[in-house]
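With our numbering applied, the sequence shown closes on residue 229, and no number is skipped along the way. By construction, the Cβ of each residue, glycine as well, lies at the ideal position given by its N, Cα and C atoms. It should be emphasised that the depicted structure is a prediction, and the values quoted were computed from it without experimental measurement.
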Amino acid sequence: MVRRIALWGLALVVVALGSCAHPAATPSAPTPSAGAPRPGTGAAATPAAAAPATAAPGQGAPPGAGGPPRRVPLTPEQRAARRDSIATARGLVVKEVMAKIAGKEKLKAGDVFANLKDPALQDTTAEALVNLMDQNYSKALGVSCTFCHVAGQWDEDKKEEKETTRIMIKMVTMLNKEQLTKLPPERNGKTPTLDCVTCHRGLNHPGRAILP
Numbered sequence: 018m019v020r021r022i023a024l025w026g027l028a029l030v031v032v033a034l035g036s037c038a039h040p041a042a043t044p045s046a047p048t049p050s051a052g053a054p055r056p057g058t059g060a061a062a063t064p065a066a067a068a069p070a071t072a073a074p075g076q077g078a079p080p081g082a083g084g085p086p087r088r089v090p091l092t093p094e095q096r097a098a099r100r101d102s103i104a105t106a107r108g109l110v111v112k113e114v115m116a117k118i119a120g121k122e123k124l125k126a127g128d129v130f131a132n133l134k135d136p137a138l139q140d141t142t143a144e145a146l147v148n149l150m151d152q153n154y155s156k157a158l159g160v161s162c163t164f165c166h167v168a169g170q171w172d173e174d175k176k177e178e179k180e181t182t183r184i185m186i187k188m189v190t191m192l193n194k195e196q197l198t199k200l201p202p203e204r205n206g207k208t209p210t211l212d213c214v215t216c217h218r219g220l221n222h223p224g225r226a227i228l229p
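Pasting the structure below:
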């Protein structure tokens, strides 16, 4: 009887030691997947925020990140250097043209140069026409002669800018003769006039910004 009780006691000790050495694993709760309903709520979990899409080059990307390059304004020194360079190029063309018409400078421009369509330009002298294009048209637009002309083919109409210039000349002439003459005279006794530089101010396309 004593032996049987001892065996039962030993068995209980073994069972107790086994349960301490190997605790029962507590089942972990399943991790809810994105979009799965939360227990007890019946509502779907909010999905994770999507990563921001990267804009393709040229499709709204900011400058410097694949978009179109941002135009950097020139410094006053750079603008001055650009004007000097253009003036030098024009000077070479003027020298070349004046050498070709040597002896005809005082003749009517329409008799010296081909394809002049504006009557006022035809009636001025050849020398005055070259000076007008150099010091008025080209300088006012900040361009060289080849902006409107094909180098060496000055009478050709291959550039759209040349026809645009003809339209602009007609517009300025009309405003000066038909509209501005209706204004009261200025201190010099003459009604105001405008020319290319009035709007262009050194730019080949007039700006629309209000300058300080």
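### Query
Per DSSP, what kind of secondary structure is V129 in: helix, strand or coil?
helix
### Query
Hey, is the region 210-226 in contact with the region 175-193, meaning 3+ C-beta pairs nearer than 8 Å?
yes
### Query
A143 and I118 look like a contact to me (Cβ under 8 Å); what is the Cβ gap, rounded to whole Å?
5 Å
#### Entry: Min CB distance A98 to chain C below 7 Å
The chain labelled as chain C is not found in the depicted structure, where only one protein chain is given.
### Query
With 16 as the cutoff for other CB atoms within 10 Å, does A97 come out buried or exposed?
exposed
### Task
Consult DSSP for V160 and reduce its assignment to one of helix, strand or coil.
coil
### Query
Per DSSP, which one or two residues make a beta bridge with Q196?
Q196 is not bridged to any residue.
### Query
Could you give the uninterrupted runs of the beta strand (DSSP E) lying entirely in the region 96-151, keeping only those of 3 residues or more?
none
### Message
Counting beta carbon pairs with one atom in the region 219-229 and one in the region 150-162, are three or more of them shorter than 8 Å?
### Response
yes
### Task
Examine the Cβ distances between the region 194-207 and the region 125-140 and report whether three or more of them are shorter than 8 Å.
no
### Task
Within 10 angstroms of the Cβ of L109, are there 16 or more other Cβ atoms? Answer buried if so, exposed if not.
exposed
### Query
Hey, would you say E178 sits closer than 7 Å to C165, going by beta carbons?
yes
### Query
With distances taken between CB atoms, is the gap from L107 to D151 smaller than 7 Å?
Leu is not the amino acid found at residue 107; the sequence shown has Arg there. Against a cut-off of 7 Å, the Cβ pair of D151 and R107 comes out as a contact.
### Task
Please go through the same chain and pick out, in chain order, the residues whose beta-carbon is closer than 6 Å to the beta-carbon of R225, but skip the five residues on each side of it.
none
### Message
Suppose contacts are defined by Cβ-Cβ distances below 7 Å. Is K121 in contact with V111 by that definition?
### Response
no
### Message
Please return the same chain residues whose Cβ sits closer than 8 Å to the Cβ of K125, not counting the five positions on each side in sequence.
### Response
Q139, D140, T141, T142, A143
### Residues bridged to V167 (per DSSP)
Q170
### Query
Under the three-state reduction of DSSP, which class applies to N205: helix, strand or coil?
coil
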